[in-house]
Structure formats: structure tokens, C-alpha cells
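Numbering (full-length UniProt numbering), first residue to last: 1 to 264.
This is the structure:
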């Protein structure tokens with residue numbers, strides 16, 4: 001079973017790229033971030049025509065997450081618990097039946113957090129990560145295959161940036177940010193890409209500015225975390241880097257894993 005995360009950076013602006021990629025890559029489950037549209041305006045017809053079920057948690061003009069799945073949804077949950085005042089559309093969970101029991105897949109879009117001296121943005125990022133950690137701790141008690149997939153807006157280690165020194169003042173690379181990511185992983189998750197390679201130069205995001213893509217001036221901020229039950233079925237991970245070279249690309253590329261699971 002192929003599960004992919006991709007920050008699409010505006011689904012309506014890139015629906016052509018998305019449908020082309022869905023046909024080319026043939027994923028079973030896709031987690032999208034930054035769909036930047038309300039649920040009613042999501043281009044579901046084009047995606048459903050390719051055999052996918054669609055569930056969204058949208059928001060006008062920014063944020064927004066979705067899950068596309070060839071498997072039927074058994075359950076859908078929207079919004080990260082823990083803060084009733086938080087109206088950002090950054091979290092959606094889908095539950096699916098497989099030959100090995102339940103599979104839970106989350107598409108998440110963590111807050112950027114910049115600038116770090118803003119009295120709201122960086123504290124909101126850290127608070128959101130703490131909420132995610134508490135939620136994940138509860139879900140792990142179910143002892144099910146769980147995949148937390150998305151744009152974490154976290155550069156975990158210096159090797160995850162072409163020029164880490166350029167990110168020292170950025171919320172994505174702050175010690176508190178990286179520590180929060182480690183705490184989440186240390187609950188028992190396997191970070192898929194780094195479980196198959198420790199090589200530098202593995203990136204998932206290249207800015208539109210200053211020829212970052214052409215110079216390979218990238219960072220790795222899109223991650224898939226696997227619960228022990230999912231990690232036991234983990235077969236491979238890959239970054240579909242070529243998509244960044246397409247016309248009108250997102251500044252992120254798809255990151256894929258394969259799990260040894262079959263639909264029930």
C-alpha cells in the first residue's frame with residue numbers, strides 16, 4: 001500500500017499537476033496540505049473520476065488539509081483536539097480497514113511559527129506541537145497502524161538543510177521546534193525517510209525565490225511518522241523530487257512510503 005504526503009500549495013491552482021501525478025504515481029492514500037480552499041470548492045470531481053474517495057478539512061484562501069483514498073473511509077475526524085478556540089484547518093484523520101486491522105492516516109499541516117519574535121505565532125506553533133504529542137500518545141494506546149503524514153514545518157537536523165546556517169533565526173529550525181519533534185518521535189514513532197537513508201541532500205521543499213530549485217538549495221520538512229504497528233509493515237520510502245520541475249509546481253514535492261498492507 002502506497003501512502004504519500006504532499007503540500008500542494010493551492011489545489012485548485014495545481015489540479016492539473018495533481019491529476020497527472022495521481023495517474024503517474026498511483027498512490028493508494030494521499031495526504032494533502034495547504035489546499036487553500038473551502039470544502040465546497042475542492043475539485044473533488046476530477047479526483048473522484050480517478051477512483052479516489054475524498055475527505056477535506058478546508059479553509060478559505062489558506063491552510064486546509066485533505067485525504068484522498070482508493071480505500072473507503074470507515075471514519076473521519078477533523079481538527080486536532082485540545083483547543084476549542086483554534087479555527088485553523090490543519091488536521092484530518094482517516095481510518096481504513098486492511099487485512100491487518102485498522103489503519104489510521106493523518107494529514108497534518110503544522111504552523112509555520114514565523115517570525116519567532118511574534119508574541120502569537122511561535123508560541124502557537126509550540127502549543128500545537130504539544131497538542132499533537134498528547135493526541136498521538138492517546139492514539140498509540142490503540143496499538144494500530146498509524147501514519148502521521150504532512151508538512152511539519154520542522155527541519156529536524158542540520159543535514160536536512162542545504163545551508164543550515166541560513167535557518168538559525170527561523171521557527172522551522174529553532175531548538176524548541178526540533179526538541180518538540182524529537183519528543184513526538186520518542187513516543188515510539190519511526191521517521192520513514194531517515195529510517196532508510198542518513199544521506200545529506202534529501203530535501204522536500206525548495207523556495208520559489210533566488211533559484212533555490214536550480215541550485216538544490218532545499219530543506220526537508222515533510223515527514224511521515226509510523227507507529228510500531230505501521231513500522232512493522234514498512235517496506236520503503238522515497239521522495240518524488242522530479243515533480244518540482246513541472247510547470248507551475250508546488251514548492252514541496254510528494255514523499256511516499258510503502259506498507260505491506262492490503263485493503264480488507
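Virtual Cβ for every residue (Gly too), placed ideally from N, Cα, C.
- In the three-state reduction of the DSSP assignment, residue 171 falls in the helix class.
- Of the residues 176, 245, 194 and 222, the one whose Cα lies closest to the Cα of residue 208 is 245.
- The continuous beta strand (DSSP E) containing residue 56 extends over residues 53 to 57.
- Between the alpha carbons of residue 239 and residue 179 lies a gap of roughly 24 Å.
- Going by beta carbons, residue 177 and residue 113 fall inside the 8 Å limit.
- Selection 37, 30 and 109 evaluated against residue 61 yields 37 as nearest (Cα-Cα).
- Residue pairing by DSSP places residue 93 opposite 77 and 106 in a beta bridge.
- Under the rule that a run must span 3 or more residues, the beta strand (DSSP E) segments found entirely inside the region 181 to 262 read 222 to 226, 234 to 239 and 255 to 259.
- DSSP, reduced to helix, strand and coil, places residue 151 within a strand of the structure shown.
- Comparing C-alpha distances from residue 63 to each of 42, 71 and 69 shows the shortest one belongs to 42.
- In this structure, the alpha-carbon of residue 160 lies about 21 Å from that of residue 31.
- In terms of Cα proximity to residue 73, the closest of 217, 237 and 29 is 29.
- Residue 49 and residue 15 have their C-alpha atoms roughly 13 Å apart.
- Residue 29: member of the beta strand (DSSP E) spanning 29 to 33, first to last residue.
- Judged by pairs of C-beta atoms under 8 Å, the region 225 to 232 touches the region 183 to 194, as three or more such pairs exist.
- Residue 262 is classed as exposed because its beta carbon has fewer than 16 other beta carbons within 10 Å across all chains shown.
- If the five residues before and after residue 257 are omitted, its C-beta is found closer than 6 Å to the C-beta atoms of 3, 192, 224 and 237, all from its own chain and listed in chain order.
- Exclusion of the five residues before and after residue 144 leaves 101, 102, 103, 104, 227 and 229 as the residues of its chain whose Cβ lies within less than 8 Å of its Cβ.
- Per DSSP, residue 114 lies in no beta strand (DSSP E) segment and is marked neither H nor E.
- According to the DSSP secondary-structure assignment, residue 70 is paired through a beta bridge with no residue.
- Separation of residue 7 and residue 172 (C-alpha to C-alpha, rounded to the nearest whole angstrom) is 16 Å.
- Secondary structure note for residue 7: its beta strand (DSSP E) is the uninterrupted segment 2 to 7.
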